[in-house]
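Here's the structure, in structure tokens; my notes come after.
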Amino acid sequence: MYKKNLVFVTVDMVLFTIQNKELHVLLIRRALNPFRGLWALPGGFLRPEEELETAAKRELYEETGVKNAFLAQLYTKGDIGRDPRGRVITVIYYSLMDSAKVELRASTDAAEVSWFSVKNLPKLAFDHERIIRDSAERIRNKIEYTNIAFQLLPQKFTLSELQSVYETILDRTLDKRNFRKKVNEINALKKLTETKMQGIHRPARLYAFLMNKKESVFSPRKKISG
């Protein structure tokens with residue numbers, strides 16, 4: 000398959016979640032060469048008859064057991080020499096998800112599958128560490144003008160949980176009063192009658208995201224202040 004003077008197309012998936020208030024990424028341990036035994040992003044080669052997104056979903060399911068993930072194309076990477084098998088251009092997809100709702104199962108050319116903190120990555124195959132770093136930075140930018148933060152939350156959540164998602168992705172502390180003021184400005188949340196106990200404090204009100212709202216908690220012109 001890997002003939003000289005040919006250019007191949009692959010798909011790589013960067014799946015992010017939040018665990019213990021840290022951003023995590025889903026990795027597989029490679030069962031085949033090149034880089035056998037090293038951790039890598041799930042992904043693989045595009046088949047001639049496949050659409051890009053179809054290939055991404057197939058590879059993700061085959062290697063991790065994850066089905067029905069909402070995948071969005073993030074960017075394309077094609078540096079010369081990035082793959083020892085030849086010239087390979089990869090199309091990178093990303094997804095944000097609640098890891099508690101995902102059942103992982105390694106298969107095909109993946110020996111293991113697990114979540115890793117973006118701040119404590121193992122040695123990775125190919126240029127996947129750079130892809131993860133670049134993808135995390137792009138997610139930090141996207142969170143200020145899209146509603147992607149809500150993909151990391153359960154259907155019902157507290158304002159503290161919402162703020163924690165933003166703080167984790169942005170990797171900095173936000174002012175509580177300023178954050179809640181901006182949340183109220185866009186009217187993207189439905190206040191529920193239910194509450195949730197949070198430690199020794201009084202019960203916190205639960206909210207739900209209004210799915211017809213496409214904007215971020217923050218407009219592009221209003222950067223989040225710490």
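Just so you know, numbering that gives the first Met the number 0 puts 184 at position 185 of the sequence shown, and the rest follows in order with no gaps. Just so you know, even glycine gets a beta-carbon here, dropped at the ideal spot from N, CA and C. The structure presented is a predicted model; accordingly, all values stated were derived computationally and were not measured.
Using the C-alpha atoms, what's the distance from residue j back to residue i?
i             : j                 : result
aspartate 78  : leucine 209       : 41 Å
valine 117    : valine 13         : 11 Å
aspartate 82  : glycine 198       : 49 Å
lysine 20     : proline 153       : 15 Å
leucine 22    : isoleucine 138    : 11 Å
aspartate 133 : lysine 175        : 28 Å
valine 87     : phenylalanine 7   : 5 Å
isoleucine 27 : phenylalanine 149 : 26 Å
leucine 151   : lysine 100        : 11 Å
lysine 141    : histidine 200     : 33 Å
arginine 29   : isoleucine 17     : 24 Å
glutamate 50  : valine 10         : 11 Å
leucine 205   : phenylalanine 15  : 24 Å
alanine 207   : arginine 129      : 35 Å
glutamate 111 : phenylalanine 69  : 22 Å
alanine 135   : leucine 59        : 19 Å
leucine 45    : tryptophan 38     : 21 Å
Per DSSP, residue i is paired with what?
i             : result
glutamate 111 : Arg28
alanine 71    : Tyr93
methionine 12 : Tyr92
leucine 22    : Ile17
valine 6      : Arg86
lysine 76     : Thr89
State the DSSP-derived secondary structure class of residue i, mapped to helix, strand or coil.
i             : result
isoleucine 17 : strand
lysine 56     : helix
aspartate 82  : coil
valine 87     : strand
valine 65     : coil
glutamate 49  : coil
threonine 172 : coil
Would you give the residue range spanned by the beta strand (DSSP E) that residue i belongs to?
i            : result
arginine 204 : 203 to 208
leucine 40   : Per DSSP, leucine 40 belongs to no beta strand (DSSP E) and is neither H nor E.
lysine 190   : 188 to 195
Between which two residues does the alpha helix (DSSP H) holding residue i run?
i                 : result
phenylalanine 178 : 175 to 185
Determine, for residue i, whether the minimum Cβ-Cβ distance to residues of chain B falls below 8 Å.
i            : result
aspartate 82 : Chain labels in this structure do not include chain B; a single protein chain is all it has.
Point to revise | Continuous beta strand (DSSP E) assignments of at least 3 residues falling wholly in the segment 96 to 162 | key: 109 to 116
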